[in-house]
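See structure below.
Protein chains: 2
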Amino acid sequence: MIEEKGILFILSGPSGVGKGTVRKALFNQDTDLKYSISMTTREKRPGEKDGVDYFYKTKEAFEALIEQNQLLEYAKYVNNYYGTPRKYVEETLDAGYDVFLEIEVQGALQVKENFPEGVFIFLFPPSLEELKNRIVHRGTESPDLVLNRLKEARKEIEMMDAYDYVVVNDHVDLAVEKVQSIIQSEHLKRERIAKQYKQLLEDEL
Amino acid sequence: MIEEKGILFILSGPSGVGKGTVRKALFNQDTDLKYSISMTTREKRPGEKDGVDYFYKTKEAFEALIEQNQLLEYAKYVNNYYGTPRKYVEETLDAGYDVFLEIEVQGALQVKENFPEGVFIFLFPPSLEELKNRIVHRGTESPDLVLNRLKEARKEIEMMDAYDYVVVNDHVDLAVEKVQSIIQSEHLKRERIAKQYKQLLEDEL
Numbered sequence: 001m002i003e004e005k006g007i008l009f010i011l012s013g014p015s016g017v018g019k020g021t022v023r024k025a026l027f028n029q030d031t032d033l034k035y036s037i038s039m040t041t042r043e044k045r046p047g048e049k050d051g052v053d054y055f056y057k058t059k060e061a062f063e064a065l066i067e068q069n070q071l072l073e074y075a076k077y078v079n080n081y082y083g084t085p086r087k088y089v090e091e092t093l094d095a096g097y098d099v100f101l102e103i104e105v106q107g108a109l110q111v112k113e114n115f116p117e118g119v120f121i122f123l124f125p126p127s128l129e130e131l132k133n134r135i136v137h138r139g140t141e142s143p144d145l146v147l148n149r150l151k152e153a154r155k156e157i158e159m160m161d162a163y164d165y166v167v168v169n170d171h172v173d174l175a176v177e178k179v180q181s182i183i184q185s186e187h188l189k190r191e192r193i194a195k196q197y198k199q200l201l202e203d204e205l
Numbered sequence: 001m002i003e004e005k006g007i008l009f010i011l012s013g014p015s016g017v018g019k020g021t022v023r024k025a026l027f028n029q030d031t032d033l034k035y036s037i038s039m040t041t042r043e044k045r046p047g048e049k050d051g052v053d054y055f056y057k058t059k060e061a062f063e064a065l066i067e068q069n070q071l072l073e074y075a076k077y078v079n080n081y082y083g084t085p086r087k088y089v090e091e092t093l094d095a096g097y098d099v100f101l102e103i104e105v106q107g108a109l110q111v112k113e114n115f116p117e118g119v120f121i122f123l124f125p126p127s128l129e130e131l132k133n134r135i136v137h138r139g140t141e142s143p144d145l146v147l148n149r150l151k152e153a154r155k156e157i158e159m160m161d162a163y164d165y166v167v168v169n170d171h172v173d174l175a176v177e178k179v180q181s182i183i184q185s186e187h188l189k190r191e192r193i194a195k196q197y198k199q200l201l202e203d204e205l
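In structure tokens:
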């Protein structure tokens, strides 16, 4: 009865905080949420599908989209671009679906600039000690790299102020439940829906 | 680990919308929530307890509190004052408990002026038709009075703009779940908790 646009939710936080785990657990439960599909210039790998795994573009096409401000955020890794296409996000929101974007802090800050109406959720480590354990237990990094990552994480936590919500990732299930309550309550915000409700009232009289 | 003040939640909406039903169902589930105890000048009835059912005051004492802006809202019915004492609310919040206030629209607007940091939830009727049915089925009112109440309700719905959230009361269980998600997500708002989280970070390093 109430027609409403979707909302863009951005889940972000320091490296090692468990963004991917929370996102996967959330998507296992919430099938209405659409995952934001990234755009890339890297080669399509066997089994991958355009518009499912990524939107695949040439370097020239990607750079043209950058010029046109058609990316909510982008970065270059190992000579390839990766980014979030504005068009896919906006079309999905217009169709009434929420879009969910899981992303590093630097990317989230870019999205904030280009799409301030998004809802920004900061995933917080239960403690720095715990964060350190998680980074160490990935096992792929040298002690120096671990220390650097931890310093980086600390800097990223200072950037919390750009976010709307803070969720501690002490237990995945609890963190997912909190993210779900944020999604639900954002849809109940008066400034999003008052117009439609008042219209409803007009229509009935 | 994070010490936090409680939040004042105000549930309000037009007469007949089912505020009391939603509040009761909520309190059956959520035992941490403290109900805001009103202050009154009416006589204490047998079985009632001061500080439990109401805070009982003389007319003079009540009027002195009005003068001192010690009531978040008040009204006079049948020669007696009823109101929400600021002191009880603030002490309960300071102790870390959320306070829940269920109140008519006029009262909520007074609270909004005196306590703008409260979270204001508007309970919306599923339809005006449904609202009319509920008012009629109370059975205590004449057709003229029903029409007046309906006009009043319509006016009150126009006041939605003073609220933070709108919850449709189509099913009590759904409405309760939505109110719970609002309560949970308000505690996750960055502006409420960023300071404590940053302190946590300082303490650890």
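In order, the protein sequences belong to chains C and W. The numbering of the first sequence is full-length UniProt numbering, which starts it at 1 and goes up by one. The numbering of the second sequence is full-length UniProt numbering, which starts it at 1 and goes up by one. Heads up, the beta-carbon is just placed ideally off N, CA and C, and yes, glycines get one too.
Per DSSP, residue i is paired with what?
i	result
W:M39	W:F55 and W:G83
C:S181	C:S181 pairs with nothing; no bridge assigned.
W:F27	W:F27 pairs with nothing; no bridge assigned.
W:I10	W:L101 and W:F120
C:Y77	C:N80
C:K189	W:Y165
W:D94	Note: W:D94 sits in no beta bridge, so no partner.
residue 254 of chain C	Residue coverage of chain C in this structure runs from 1 to 205, which leaves residue 254 of chain C outside it and unanswerable.
C:D50	C:Y54
C:K34	C:V99
Taking just the CA atoms, how far does residue j sit from residue i?
i	j	result
C:P125	W:A194	13 Å
W:Y163	C:R192	12 Å
W:G18	W:A108	16 Å
W:M1	W:E102	At W:M1 the pLDDT is 49, less than 50, meaning the model places this residue with poor confidence and gives no usable figure here.
W:G51	W:L26	21 Å
W:Q180	C:F115	28 Å
W:S36	W:E48	16 Å
C:M159	C:I121	12 Å
W:K34	W:E90	12 Å
W:S142	W:I135	10 Å
W:R190	C:L200	33 Å
W:S69	W:K57	One point to set straight first is that residue 69 of chain W is Asn, not Ser, in the sequence displayed. About 16 Å.
C:K151	C:G20	21 Å
W:K44	W:V78	15 Å
C:E73	C:K112	9 Å
W:D170	C:G16	42 Å
C:L131	C:K155	13 Å
C:L123	C:Q196	32 Å
W:L186	W:D173	Before going on, a small fix: residue 186 of chain W reads as Glu here, not Leu. Their backbone Cα atoms lie some 20 Å apart in a straight line.
W:D203	W:K87	33 Å
W:K178	C:V167	19 Å
W:L128	W:L145	16 Å
C:P46	C:D53	11 Å
C:L147	C:D161	24 Å
C:S12	C:I157	10 Å
W:E63	W:R23	29 Å
C:I183	W:D94	28 Å
C:K198	W:K198	41 Å
C:N80	C:T31	31 Å
Taking Cβ-Cβ distances shorter than 7 Å, what residues in chain C pair up with residue i?
i	result
W:A25	Those do not exist, as W:A25 stays about 17 Å from chain C at its closest Cβ, beyond 7 Å.
W:I182	S185 and L188
So is residue i buried or exposed if we call it buried at 16+ other beta carbons inside 10 Å?
i	result
C:T41	buried
C:I66	exposed
W:L8	buried
C:P14	buried
W:Y165	buried
W:S38	buried
W:P85	buried
C:T92	buried
C:G83	buried
C:G6	buried
W:G96	exposed
C:Q106	exposed
C:A175	buried
W:D98	buried
W:Q29	exposed
For this session: Taking only beta carbons into account, state which residues of the segment 161-180 of chain C come closer than 7 Å to chain W, listed in chain order.
Result: D161, Y163, D164, Y165, V166, V167 and K178
Exercise. Which residues, in chain order, does the segment 61-72 of chain W contribute to contact with chain C at a C-beta distance below 9 Å?
Worked result: none
For this session: Using a Cβ-Cβ cut-off of less than 7 Å, give me the residues of the segment 184-197 of chain C that come near chain W, in sequence order.
Result: Q184, S185, L188, K189, R190, I193, A194 and Y197
Exercise. Between the segment 109-125 of chain W and chain A, which residues of the former have a C-beta closer than 9 Å to a C-beta of the latter?
Worked result: No chain A is present in this structure, whose protein chains are C and W.
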